[in-house]
Amino acid sequence: MPHSVGQSGESSAVVVHRWRLLAVLLAAQVIANIDTAIANIAAPVIQSGLDASGGQVGLVVSGYVVAYAVLLVAGARLGESHGHRRIFLTGLAVFTVASLACAVAPDAGVLIAARAVQGGGAALMVPQVLSGIQLHFTGPQRIRALGYYAVALSGGAVAGQVLGGMLIAADLFGTGWRPIFLINLPVGVLLLWAAQRSMPRDENGKKPGSTQEVDVRGMALLSVTILLLIVPLLLGNDEGWPLWTWGCLAASVPVAVVFRWSQRRRSALGGRPLIAEEVVHEPTVRWSLVAHGITTMTYFALLFVLANYLQDGVGRGPAYAGLAMVSWVSAFGLAGPLLVRVPERHKAAMPALGCLILATSYTALWTYLATAHHAGPALFVLLGIGGFGLGISSNALIAQMTFALPDRYAADLSGVISTNAQLWGALGVAALGGGYLSLADGGLESAVHAMEAVLATSAVLSVLSAVAAWQGRLTRATSGRRLSV
Numbered sequence: 008m009p010h011s012v013g014q015s016g017e018s019s020a021v022v023v024h025r026w027r028l029l030a031v032l033l034a035a036q037v038i039a040n041i042d043t044a045i046a047n048i049a050a051p052v053i054q055s056g057l058d059a060s061g062g063q064v065g066l067v068v069s070g071y072v073v074a075y076a077v078l079l080v081a082g083a084r085l086g087e088s089h090g091h092r093r094i095f096l097t098g099l100a101v102f103t104v105a106s107l108a109c110a111v112a113p114d115a116g117v118l119i120a121a122r123a124v125q126g127g128g129a130a131l132m133v134p135q136v137l138s139g140i141q142l143h144f145t146g147p148q149r150i151r152a153l154g155y156y157a158v159a160l161s162g163g164a165v166a167g168q169v170l171g172g173m174l175i176a177a178d179l180f181g182t183g184w185r186p187i188f189l190i191n192l193p194v195g196v197l198l199l200w201a202a203q204r205s206m207p208r209d210e211n212g213k214k215p216g217s218t219q220e221v222d223v224r225g226m227a228l229l230s231v232t233i234l235l236l237i238v239p240l241l242l243g244n245d246e247g248w249p250l251w252t253w254g255c256l257a258a259s260v261p262v263a264v265v266f267r268w269s270q271r272r273r274s275a276l277g278g279r280p281l282i283a284e285e286v287v288h289e290p291t292v293r294w295s296l297v298a299h300g301i302t303t304m305t306y307f308a309l310l311f312v313l314a315n316y317l318q319d320g321v322g323r324g325p326a327y328a329g330l331a332m333v334s335w336v337s338a339f340g341l342a343g344p345l346l347v348r349v350p351e352r353h354k355a356a357m358p359a360l361g362c363l364i365l366a367t368s369y370t371a372l373w374t375y376l377a378t379a380h381h382a383g384p385a386l387f388v389l390l391g392i393g394g395f396g397l398g399i400s401s402n403a404l405i406a407q408m409t410f411a412l413p414d415r416y417a418a419d420l421s422g423v424i425s426t427n428a429q430l431w432g433a434l435g436v437a438a439l440g441g442g443y444l445s446l447a448d449g450g451l452e453s454a455v456h457a458m459e460a461v462l463a464t465s466a467v468l469s470v471l472s473a474v475a476a477w478q479g480r481l482t483r484a485t486s487g488r489r490l491s492v
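In my numbering, the protein residues as written are 8 to 492.
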């Protein structure tokens, strides 16, 4: 069904085949998320194949995430100012070429640099995904599209682990880890062709290359702030939290203050800030970002901790560890279609309900381990409950934010939501993942106790996220607006 850009009815302007467009956008989101996770599985093979140090391998994994997180908001703003189609295609092309550079990298230094460029390409294309959903889908169809978006987020991460394990085990033509990047080439070329056919041409009234609306100073300040936050969070555990990590975290505060000052000053002078003040000041968005961030934090931590627990603690292989999350993703995918069918009067309660279901799953998993069970089919079932809860909360919270503001703030919300998730995810791996590694000092018993501690903490955090989600609902109700989905 075609739908015109920025309008609720049909128009002879830019007509978009929405579901074909959605398939292309979500495919790009999936490959971006796959490459976030796939290097984790390949790290030992990369280290031996390139004779790299532990620190270099850490940068291969984290360099992508750092560039990705730092440039997400900039990618969103560039999409709005230069055209979503143009920036999406540019980002996809950069991502694809950088993947080739990763695959043929002769040493660790080249691989690290190529991974950073690859993350930058992903940061250009990914914000256009959520912006595209907000601009081309309305009402129940937006909820349905967001359901598929949530599946792409979760499924891509798990697919990265499963696919990485399979490709490395296959050792195609003796190439070792290199196929995990080579596979992006045919996928990237196919998506470039499909995007050119399905994405509407940019008609924003601006000349290509115009920077009139781009807040370059804001981009630089926000990038430095995120860099100072995410680098120590990603590398702190492996480095033993040296002084420089705490220095970076401390320095992020004054830089963030300067960023906020620059945004307010630009707005006062009549300019367009990097992040619109309306987004920052909307209570529903703020509370929803907290709730979405906390649940994302526990999910990223679970991906990291569960893989370590099942392999190093229980003694299962990487394929088993990757497949353990399939039930989570499958249940995650049920949430979108079900949310569309929820009666209107109950939809506002869905964000908090999803958080509570997630808390219930973590509690049930803790109970399972505490009763001398270590792995097995029941573990997969309980993980499925968690995936269902996260799917409901993620879909409903993103919908709550996108409906809280007019569509003209699509780029602002897209960049903020994506960056917020990456920062909370890095915090989850650093805090909960680091806590697990410090407690699981050897043997099955210590691994079980460490896993129990992570699950108990995640359950408490999920309850807190439910409180934040409910507060977001209350602030929306008191503002006199109705969540129309």
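The beta-carbon is built from N, C-alpha and C at its ideal position, and this holds for glycine as well.
Inset, instruction - Return the CA-CA distance between Trp477 and Gly383, expressed in angstroms with no decimal places. - result: 35 angstroms
Inset, instruction - Given a cut-off of 8 angstroms, decide if Ala379 and Glu459 are closer than it, judged by their beta-carbon atoms. - result: no
Legend entry - For Arg151 and Phe410, the rounded distance between their alpha carbons: 14 angstroms
Inset, instruction - On a CA-only basis, which of Ala201, Gln407, Arg323, Gly449 is nearest Leu296? Give me that one, please. - result: Gln407
Inset, instruction - Alpha carbon to alpha carbon, how far is Trp251 from Val238? Give it in angstroms, no decimals. - result: 10 angstroms
Inset, instruction - Look up His380 in the DSSP assignment and say whether it is helix, strand or coil. - result: coil
Legend entry - Under 8 angstroms between C-beta atoms of Ala437 and Leu240: yes
Inset, instruction - Rounded to whole angstroms, what's the CA-CA distance from Ala59 to Val117? Just pull it up for me. - result: 12 angstroms
Inset, instruction - Sort Thr145, Leu99, Tyr306 by Cα distance to Gly127 and report the nearest one. - result: Leu99
Legend entry - Closer than 7 angstroms: Ala46 CB and nearest the ligand MG heavy atom: Ligands in the displayed structure: none, and consequently the ligand MG is not present.
Inset, instruction - Could you tell me whether the region 418-434 touches the region 278-298, where touching means 3 or more Cβ pairs closer than 8 angstroms? - result: yes
Inset, instruction - Measure the Cβ-Cβ separation of Tyr71 and Asp114 and say whether it is below 8 angstroms. - result: no
Inset, instruction - Alpha carbon to alpha carbon, how far is Ala81 from Ser465? Give it in angstroms, no decimals. - result: 31 angstroms
Inset, instruction - With a threshold of 16 other CB atoms inside 10 Å of the CB of Asp522, please say whether the residue is buried or exposed. - result: Residue numbering for the chain in the displayed model covers 8 to 492; residue 522 lies beyond these limits and cannot be assessed.
Inset, instruction - Would you mind reading off the limits of the alpha helix (DSSP H) that contains Glu285? - result: 284-288
Legend entry - Pick from Ala473, Asp222, Ser106, Leu330 that is closest to Arg279, judged by C-alpha positions: Asp222
Inset, instruction - Tell me where the alpha helix (DSSP H) around Met226 begins and ends. - result: 223-246
Legend entry - Nonlocal neighbours in the same chain, by C-beta distance under 7 angstroms from Thr97, ignoring five residues either side: Leu131
Inset, instruction - Tell me whether the beta-carbon of Leu79 lies closer than 8 angstroms to the beta-carbon of Gly422. - result: yes
Inset, instruction - Rounded to whole angstroms, what's the CA-CA distance from His89 to Pro147? Just pull it up for me. - result: 29 angstroms
Legend entry - Cα-Cα separation between Ser11 and Glu351, rounded to whole angstroms: Its pLDDT being 39, under 50, Ser11 is placed unreliably in this model, and the coordinates cannot settle the point.
Inset, instruction - May I have the straight-line CA-CA distance separating Val312 from Tyr327, to the nearest angstrom? - result: 14 angstroms
Legend entry - Whole-angstrom distance between Gly167 and His353, CA atom to CA atom: 35 angstroms
Legend entry - Beta-bridge pairing of His299 - partner residues as DSSP gives them: None, per the DSSP bridge assignment.
Inset, instruction - Grab me the residues of Arg480's own chain with a C-beta within less than 6 angstroms of its C-beta, minus the 5 sequence neighbours each way, in chain order. - result: Ala355
Inset, instruction - Rounded to whole angstroms, what's the CA-CA distance from Gly393 to Ser368? Just pull it up for me. - result: 5 angstroms
Inset, instruction - Rounded to whole angstroms, what's the CA-CA distance from Gly361 to Leu33? Just pull it up for me. - result: 23 angstroms
Legend entry - Buried versus exposed call for His288 [16 or more other C-beta atoms within 10 Å across all chains shown]: exposed
Legend entry - Three-way DSSP call (helix, strand, coil) for Val470 in this model: helix
Legend entry - Own chain residues within Cβ distance below 8 angstroms of Ala123, not counting five before or after: Gly70, Tyr71, Val73, Ala74
Inset, instruction - Take the Cβ of Pro207 as the centre, count every other Cβ of all protein chains shown within 10 Å, and call the residue buried at 16 or more, exposed below. - result: buried
Inset, instruction - Please check the pair Gly320 and Leu451, which I expect to be a contact at CB under 8 angstroms, by giving their CB distance rounded to whole angstroms. - result: 6 angstroms
Inset, instruction - Starting from the C-beta of Ala121, find all residues in its chain whose C-beta is less than 7 angstroms away, skip the five residues before and the five after it, and write them out in chain order. - result: Ala105, Ala108, Cys109, Ala112
Inset, instruction - Quick one: give me the first and last residue of the alpha helix (DSSP H) that Ile94 is part of. - result: 91-110
Legend entry - Own chain partners of Trp294 with C-beta closer than 8 angstroms, once the 5 adjacent residues on each side are dropped: Ala475, Ala476, Gln478, Gly479, Thr482
Legend entry - Pick from Gly183, Phe387, Leu471 that is closest to Leu363, judged by C-alpha positions: Leu471
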